[in-house]
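Peer 1:
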Amino acid sequence: MTDQVEPDDAGRPIGRRIVLGTIAAGLAGLFVAPTLQEKWSDLLGAASQRDPTGLSGLLPNPGGFRYFSVAGSVPEKDASTYKLTIDGLVAKPTSYTLPQLTELPQSRVTHDVVCTDGWQVDQVPFVGVRLSELLDAAGVQPDAKAVRFTCFDGVYSESLTMEQARRPDVLVAVQMLDQPIPHISGGPVRLFVGPMYFYKSAKWLSGITVTDEVVPGYWEKYGYPVDGWLPGEEPAGA
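In this note's numbering, the protein residues as written are -8 to 229.
(1) Check whether the stretch 100 to 113 touches the stretch 136 to 152, counting contact only when three or more Cβ pairs, one atom from each stretch, lie closer than 8 Å.
(2) Determine the burial state of Glu67: buried for a count of at least 16 other Cβ atoms within 10 Å of its Cβ, exposed for fewer.
(3) List in chain order: all unbroken alpha helix (DSSP H) runs of 4+ residues lying wholly within the stretch 62 to 145.
(4) Please classify Ser98 as buried or exposed, where buried requires at least 16 other C-beta atoms within 10 Å of its C-beta.
(5) Would you mind stating whether Pro274 and Val165 have Cβ atoms separated by less than 8 Å?
(6) Would you mind sorting Ala193 into buried or exposed? The rule is 16 or more other CB atoms within 10 Å of its CB.
(7) Under the assumption that Tyr190 contacts Val146 (Cβ atoms under 8 Å), give the Cβ distance between them as a whole number of angstroms.
(8) Indicate the three-state DSSP secondary structure (helix, strand or coil) for Ser60 in the structure shown.
(9) Alpha carbon to alpha carbon, how far is Thr93 from Ala128?
(10) Do three or more CB pairs link the stretch 143 to 162 to the stretch 113 to 126 at distances below 8 Å?
(11) Counting only the same chain and skipping the five closest in sequence on each side, list residues whose C-beta sits under 6 Å from that of Gly177.
(12) Quick check: Ile175 and Leu125, are their CB atoms within less than 8 Å of each other?
(13) For Phe117, tell me which candidate among Gly130, His102, Glu225, Pro173 has the shortest Cα-Cα distance.
(14) Is the beta carbon of Ala135 less than 8 Å from the beta carbon of Asp203?
(15) The beta strand (DSSP E) that contains Met167, what's its start and end?
(16) Between Tyr213, Ser148, Asp69, which has its C-alpha nearest Thr200's C-alpha?
This is the structure:
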């Protein structure tokens, strides 16, 4: 798995199911991808047992991606209604509209997208603002240790350590596959954490809060690793 980082000029909870390969609309099967590490088997099995409704959504040939939500419904946001807030242990709490985010310097990260459910899409380009640049603009306080992310589905959350958040392959993304991010893919703005499993890349991003400790996210509370590194991506000594 490789990544490229370069400037770009231009309800109720619904559990995750294991999905492999190309699945036609209406098919709900459970398969375990042979490439997944064994450590995920028990976690995914437990998650599917908490799934009272089955798949929340499955699109025919959505570019290899699968759609699911842990909320019963998710409101749609656009340029006139979207807002991202940055607060917590920062000197200058602020907020951004979608047009303001797109007007900031943009970076491009291309990386494999790998889900714990067993599907993978190779070399997906994301474009957006580096999270580190938003943190710098807000003025992170010296005692800050981590960043917590909340979403406008009202349920999902995620976290990164401050060191992880400052990596150049972590974006507040506004484009995916060289198009504005659609609602079903977590748009108009989502987190993209290139070197980690896709559950760390929170969809429908609405809040970034700087904290003094890592706050486990939605799936970590069900036993998923807080550090969701892809195989071979974990930094030396981590």
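Using N, Cα and C, we set each Cβ at its ideal position, and we do this for glycine too.
Bear in mind that the values here come from a model prediction, so they are computed numbers and not experimental data.
Peer 2: Reading it off the structure:
(1) no
(2) exposed
(3) 89 to 94, 122 to 129
(4) buried
(5) With the chain represented from -8 up to 229, any question about residue 274 goes unanswered, as that position is not in the structure.
(6) buried
(7) With 8 Å as the limit, Tyr190 and Val146 do not qualify as a contact, their Cβ atoms being about 13 Å apart.
(8) coil
(9) 15 Å
(10) yes
(11) Lys194, Trp195
(12) no
(13) His102
(14) yes
(15) 161 to 167
(16) Ser148
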